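**Q** Take this structure first; my questions come after.
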Amino acid sequence: MLALGALAGVLQPRRRLGTWLFVALGVLSAAAALTRPDAGPVSALPTLAAVAAGSLTLRTILPSRSRFDPVEMSIRGRRDVNPPAQTPSDPVRRTLLTAGALTAAGGGLAYLGMRLGAGTAGSATPFALPAPARPLPPLPAGLEATVPGLSALRTPVADFYRVDTALVLPRIDAANWRLRIDGDVDRHIELTFDDLLAMPMVEADITLNCVSNPVGGEYIGSTRWLGVLTRDVLARAGVRATADQILSTSQDGMTISTPVAALTDARGALLAVAMDGKPLTREHGYPVRMVTPGLYGYVGATKWLTRLTATTYAAEKAYWSTRGWAEQAEVKTQARIDVPRRGETVAEGQVVVAGVAWSQAHQGISRVEVRVDEGPWQEAELGPDVGGHYWRQWRWTWEAHTGGRRLTARATDGEGTIQSSEIAEPAPDGASGLHMVNVRVN
């Protein structure tokens, strides 16, 4: 597309061929935008705004430049020491301003249209949540009540991180929603939303992570989910032994690959319909999404779910697998320091250091330790234990002395293994390393 755009500029002085090529490219791009499963009329607005601005630029600026070619002016300059002043700069400037204003206005209208479309069409219709077969006890009180700045034990829905590929939130009517299960199964089946709600409902406290979360990052959240066990749904179709992955498809066509074992073992992977006691919001996958404990979201947490296909890793590649990310990725054990914040100045004396730690793939957290500079590791106090698939709060009281100090935290999982100190970037299968925070003590 970039090369064709450049070609349009080259062809423009030749009977405005560049403009027609640019318009043709815009029409093709708009048509492509409208072919997305979740597309609406507003999906083509950004492209149409760009076409209008680009066409105006090609038709006005490039012809103006050709009339005052630098080579031609230099030749005239040898014949006339003081050539007449050139005046096209003002029209060109006005054209640039017009094109810029048109682009900004078109972009603003497109954004407004997309926001209105996401907020009205296919709105999340309220429904009565079915009661879980075995209700969980209320979550215990977290440490955040006594430690300002510490992440809440249960992440509010409004604060729950959002990472996905949807530029516009899918518009889904639960009454028309269908889940298709096909591929290497005994029976191809299709479930309605009511079919799903009629199945035994399960509550589960699960922490969800994004693989792109850096060490100490905030792309992580914890809440109570309500849904149907994925293994119960797959059992209706009868996944054959030859399949080793379930390729899940979102309403917008995005795909995620998850090991069959992770969806059918005792960890309790869910097809969730609610979080924190309320139906899913559109931002978080309404009406149905996957939640797979112990796996990063990109391999186990498909939003706006519409299809489950039993297949093999050899036969099918998911969206992120074709972009350099690992096909399988368990959540890595991590500890994060929430307070004090990086660069913060604290008063000399007793200072509370606190944060959260998680290890959903290895039976939760058994210990968190903190050290100051290169000093000895000090064991922190752990907060309430909600379960192995849920993060754990921690705090440690530090007798702080003046000067610049570096705080480091590390976690030990439920199997007794200390988290890796080896530094790794998020790609291809999750970040690792110890979270460090530099502070100043006055």
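Its first residue numbered 1, the sequence shown is counted upward by one per residue in the UniProt record's numbering.
Glycine included, each C-beta is placed from N, C-alpha and C at the ideal position.
Note that this is a predicted model, so its numbers are computed, not measured.
(1) Looking at S250 and T306, is the spacing between their C-beta atoms short of 8 Å?
(2) Quick one: grab the DSSP three-state call for N176.
(3) Is A131 helix, strand or coil by DSSP?
(4) Alpha carbons only, please: which of W396, R371 and D373 is nearest the one belonging to E381?
(5) Examine the Cβ distances between the stretch 158-171 and the stretch 395-412 and report whether three or more of them are shorter than 8 Å.
(6) Consult DSSP for A262 and reduce its assignment to one of helix, strand or coil.
(7) Check whether the stretch 295-304 and the stretch 254-272 are in contact - that is, three or more C-beta pairs closer than 8 Å.
(8) Considering only the alpha carbon of each residue, which of G387, A347 and T345 lies closest to Q363?
(9) Whose CA, out of L308, E327, G216 and Q245, lies closest to the CA of N438?
(10) Determine contact between the stretch 422-429 and the stretch 359-373, defined as no fewer than three beta-carbon pairs at a distance below 8 Å.
(11) Apart from the five residues just before and just after T311, which ones in its own chain have a Cβ nearer than 7 Å to its Cβ?
(12) Going by alpha carbons, who is nearest to D205 out of W358, L196 and V288?
(13) In the DSSP assignment, what are the bridge partners of E283?
(14) Excluding the 5 residues preceding and the 5 following A400 in the sequence, name in chain order all residues of the same chain whose CB lies nearer than 7 Å to its CB.
(15) Round the Cβ separation of D429 and V211 to the nearest angstrom and send it over; I've been treating them as touching at under 8 Å.
(16) Considering only residues of the same chain and omitting the five flanking positions on each side of A166, which have a CB-CB separation below 7 Å?
(17) The beta strand (DSSP E) spanning D338 covers which residue range?
(18) What does a CB cutoff of less than 7 Å around P137 pick up in its chain, not counting 5 residues either side in sequence?
(19) To the nearest angstrom, how far is it from the Cα of A152 to the Cα of G142?
(20) Rounded to the nearest angstrom, what separates A237 and P135 at their Cα positions?
(21) Just the Cα atoms here: how many angstroms apart are P214 and R410?
(22) In whole angstroms, what separates the C-alpha of M199 from that of G227?
(23) Which partner residues of G238 appear in the DSSP bridge assignment?
(24) How long is the line joining the alpha carbons of E190 and T412, rounded to whole angstroms?
(25) Go through its chain and collect everything with a Cβ distance to M254's Cβ below 6 Å, but skip five positions before and after it.
(26) For V288, write down the residues that DSSP places opposite it in a beta bridge.
(27) With a threshold of 8 Å on Cβ separation, who are the neighbours of T417 within its own chain once the five nearest residues in sequence on each side are excluded?
(28) Does the beta-carbon distance from P140 to P384 come in below 8 Å?
(29) What number of angstroms, rounded off, separates the C-alpha of A326 from the C-alpha of A354?
(30) Using DSSP with H/G/I as helix, E/B as strand and the rest coil, what is V299?
(31) Within this structure, are the beta carbons of L270 and V202 separated by less than 8 Å?
(32) Evaluate H188 with the Cβ neighbour count: other Cβ atoms within 10 Å of its Cβ, from every protein chain shown; 16 or more gives buried, anything less gives exposed.
(33) For V370, write down the residues that DSSP places opposite it in a beta bridge.
(34) Assign D244 to one of three DSSP states: helix, strand, or coil.
(35) Which of helix, strand or coil does DSSP assign to A318?
(36) How would you call P340, buried or exposed, if buried means at least 16 neighbouring beta carbons within 10 angstroms?
**A** Checking against the coordinates, here is how it stands:
(1) Along the sequence shown, one-based indexing puts residue 306 at 306. Along the sequence shown, one-based indexing puts residue 250 at 250. Cβ atoms of T306 and S250: closer than 8 Å.
(2) Taking the sequence shown and counting its residues from 1, the one referred to as residue 176 is at position 176. Looking at N176 - three-state DSSP - the assignment turns out to be helix.
(3) The residue you call residue 131 lines up with position 131 of the sequence shown. In the structure shown, A131 sits in coil (DSSP, three-state: anything other than H, G, I, E or B).
(4) Working through the sequence shown from its first residue, we reach residue 381 at position 381. Comparing Cα positions, the closest option is W396.
(5) no
(6) To locate residue 262, count along the sequence shown from 1; it is residue 262. DSSP places A262 in helix when its eight states are reduced to three.
(7) yes
(8) By 1-based counting over the sequence shown, the position of residue 363 is 363. Cα-wise, what sits closest to Q363 is G387.
(9) In the sequence shown, the residue the question calls residue 438 occupies position 438. Minimum Cα distance to N438 is reached at G216.
(10) no
(11) Residue numbering aside, residue 311 sits at position 311 when the sequence shown is read from its first letter. Taken in chain order, the residues that qualify are G183, D184, A243, Q245 and L247.
(12) Working through the sequence shown from its first residue, we reach residue 205 at position 205. When each option's Cα is compared against that of D205, the closest is W358.
(13) For this step, residue 283 is matched to residue 283 along the sequence shown. Answer is none; E283 lacks a bridge partner.
(14) Position 400 of the sequence shown, counted from the first residue, corresponds to residue 400. V346, E348, G349, V351 and V441, listed in sequence order.
(15) Taking the first residue of the sequence shown as 1, we reach residue 429 at position 429. Taking the first residue of the sequence shown as 1, we reach residue 211 at position 211. About 7 Å; that satisfies the 8 Å criterion.
(16) On the sequence shown, position 166 is the one that residue 166 refers to. D252, listed in sequence order.
(17) Against the sequence shown, residue 338 aligns to sequence position 338. Its beta strand (DSSP E) spans residues Q334 to V339.
(18) For the purposes of this step, residue 137 is identified with residue 137 of the sequence shown, where counting begins at 1. So the list is empty, once near-sequence residues are dropped.
(19) By one-based count along the sequence shown, residue 152 stands at place 152. By one-based count along the sequence shown, residue 142 stands at place 142. In a straight line, the C-alpha of A152 is about 7 Å away from that of G142.
(20) The residue given as residue 237 occupies position 237 in the sequence shown. The residue given as residue 135 occupies position 135 in the sequence shown. Spanning the two alpha carbons is a distance of roughly 27 Å.
(21) Locating residue 214 in the sequence shown gives position 214, counting from the first residue. Locating residue 410 in the sequence shown gives position 410, counting from the first residue. One C-alpha to the other measures close to 15 Å.
(22) Counted from its first residue, the sequence shown places residue 199 at position 199. Counted from its first residue, the sequence shown places residue 227 at position 227. Roughly 9 Å separates the two Cα atoms.
(23) Along the sequence shown, one-based indexing puts residue 238 at 238. According to DSSP, which records beta bridges pairwise, G238 is partnered with nothing at all.
(24) Numbered from 1 along the sequence shown, position 190 holds the residue referred to as residue 190. Numbered from 1 along the sequence shown, position 412 holds the residue referred to as residue 412. Roughly 43 Å separates the two Cα atoms.
(25) Counted from its first residue, the sequence shown places residue 254 at position 254. Answer for M254: T165 and Y319, listed in chain order.
(26) Working through the sequence shown from its first residue, we reach residue 288 at position 288. V288 pairs with nothing; no bridge assigned.
(27) The residue given as residue 417 occupies position 417 in the sequence shown. Once the five neighbours on either side are set aside, the close Cβ partners of T417 are T333 and H362.
(28) In the sequence shown, residue 140 corresponds to position 140, counting from 1. In the sequence shown, residue 384 corresponds to position 384, counting from 1. Against a cut-off of 8 Å, the Cβ pair of P384 and P140 comes out as a contact.
(29) On the sequence shown, position 326 is the one that residue 326 refers to. On the sequence shown, position 354 is the one that residue 354 refers to. Cα to Cα, the separation comes out at about 32 Å.
(30) Position 299 of the sequence shown, counted from the first residue, corresponds to residue 299. In the structure shown, V299 sits in a helix (DSSP, three-state: H, G or I).
(31) Locating residue 270 in the sequence shown gives position 270, where the first residue counts as 1. Locating residue 202 in the sequence shown gives position 202, where the first residue counts as 1. In this structure, V202 lies closer than 8 Å to L270 by Cβ.
(32) As a position in the sequence shown, residue 188 is number 188, starting the count at 1. Exposed.
(33) For the purposes of this step, residue 370 is taken as residue 370 along the sequence shown, with counting starting at 1. Looking at the DSSP assignment, V370 forms a beta bridge with Q378 and A409.
(34) As a working mapping, residue 244 is identified with position 244 in the sequence shown. Coil, per DSSP.
(35) Position 318 of the sequence shown holds residue 318. Note: A318 maps to coil in three-state DSSP.
(36) Here the question's residue 340 lines up with position 340 in the sequence shown. P340 comes out buried.
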